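Chains as they are written, first to last, in the numbering used here: chain R, 20 to 207; chain E, 20 to 207.
We put the CB at the ideal spot given by N, CA and C, even for glycine.
Remember, it's a predicted structure, so these values are computed and weren't measured experimentally.
Number of protein chains: 2
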Amino acid sequence: MTATKGDTRARLLETALGLFTVHGVEGTSLQMIADALGVTKAAVYYHFKTKDEITEAVALPALRELTAILDHAATITRPGPRADYVIDGFVDLVVRNRVLVAVVCSDPGLARVVDRIVYAEQSVLVRMPEMLVGPDADEAATVAANVALVGVAMGGNTPALAYMDDETLRRHLADAMRRLLGRPRRRD
Amino acid sequence: MTATKGDTRARLLETALGLFTVHGVEGTSLQMIADALGVTKAAVYYHFKTKDEITEAVALPALRELTAILDHAATITRPGPRADYVIDGFVDLVVRNRVLVAVVCSDPGLARVVDRIVYAEQSVLVRMPEMLVGPDADEAATVAANVALVGVAMGGNTPALAYMDDETLRRHLADAMRRLLGRPRRRD
């Protein structure tokens, strides 16, 4: 069976993320990625010219998904259902990308790359709280939105919760976020 | 007027924290601290032998305060009042140490030192959620406690909230944390 280019690229990104969790972005070299994949450095170069390109490619799919969630949320006019949509989408994204989010939260190398992409994309950071509590939210709601977003992204990835399976974590994070934002509890 | 040793030490720590926020712990040298203070490197050495000692001294007072809060909380037997006490104490500590907390959250150099102290002090990280939701909390409460603690510490320090004065931020963070943990709202 011959691996296709797409296979190699996907494996490369997965391997890079794994190395980032252990050594940090700064501590990971293209050579280390090549070694871990069992390929030559030239094979890595075939896909990516720099580590920054790899770092960006590791983070980009999740950021694109987040942008898509916010774009769709912007089409929902009623604030309550719009908040519910962002809560469910954001929590699901965080839980499916637990490893990536943990690295972004603890690694300035990856955080820097994410920031650069994020700011290029019309500041997801500004749009997220707005989609949750509206553009004219009062200070209490603004604080609640920021606590909820950071709490879910980073708090959901604390080692203390690592034992929890995705579905359980997803349900409890969404409940916590809803309670914090004053949304009624979902019936399952 | 002659500065006392205590004055110099306090100014040194304040200066170091300021430099950490700009250059990170790794990017700050003893020489830079001396230059910013307008003293010789020997004067810095008089107080601290290594940058690690300075980093620890910068973080230690807040960590000792946190330990004191948890120690007192442990003497409160009723879960509700105990949670209220931890919420108020933790929020106040975070808000009074906004600059420090922001550096700890974004700088692996400082985070590493804090971790070392924290683990030496019977794991504040384990005791904090326990004091909020009890040692036998179910999974939902455990998730809520971790979202609340990380959300307040890190979310309370997002640039989006930097404009808020301490008193306003303190009130809204405490309200958010109480709501998240199912505590009744305070009457002011």
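- When DSSP states are grouped into helix, strand and coil, residue 183 (chain E) belongs to the coil group.
- Residues of the segment 141 to 162 of chain E with a Cβ closer than 8 Å to any Cβ of chain R, in chain order: 144, 145, 148, 158, 159, 161 and 162.
- The alpha-carbon separation between residue 189 (chain E) and residue 80 (chain E) amounts to approximately 20 Å.
- Counting only the Cα atoms, residue 191 (chain R) lies some 17 Å from residue 155 (chain E).
- One Cα belongs to residue 31 (chain R), the other to residue 44 (chain R), and the distance between them is close to 14 Å.
- Per the coordinates, the alpha-carbon of residue 196 (chain R) lies some 13 Å from the alpha-carbon of residue 169 (chain E).
- Chain E places a beta carbon closer than 9 Å to that of residue 130 (chain R), counting this residue as a contact.
- Between the alpha carbons of residue 49 (chain R) and residue 65 (chain R) lies a gap of roughly 12 Å.
- Taking 8 Å as the upper bound for CB-CB distance, residue 132 (chain E) and residue 177 (chain E) are not in contact here, some 23 Å apart.
- DSSP places residue 68 (chain E) outside both helix and strand once states are collapsed to three, so it counts as coil.
- Taking 9 Å as the threshold, the shortest C-beta distance from residue 194 (chain R) to chain E falls below it.
- If you ignore the 5 residues before and after residue 198 (chain E), its C-beta comes within less than 8 Å of the C-beta of 204, all in its own chain and listed in chain order.
- Residue 89 (chain R) and residue 103 (chain E) have their alpha carbons spaced roughly 35 Å apart.
- The three-state reading of DSSP puts residue 96 (chain E) in coil, since its state is none of H, G, I, E or B.
- Look at residue 42 (chain E): its C-beta is not under 9 Å from any C-beta on chain R.
- Distance from the Cα of residue 109 (chain E) is smallest, within the candidate group E:58, E:171, E:56 and E:166, for E:171.
- Per DSSP, the continuous alpha helix (DSSP H) segment holding residue 168 (chain R) begins and ends at 158 to 169.
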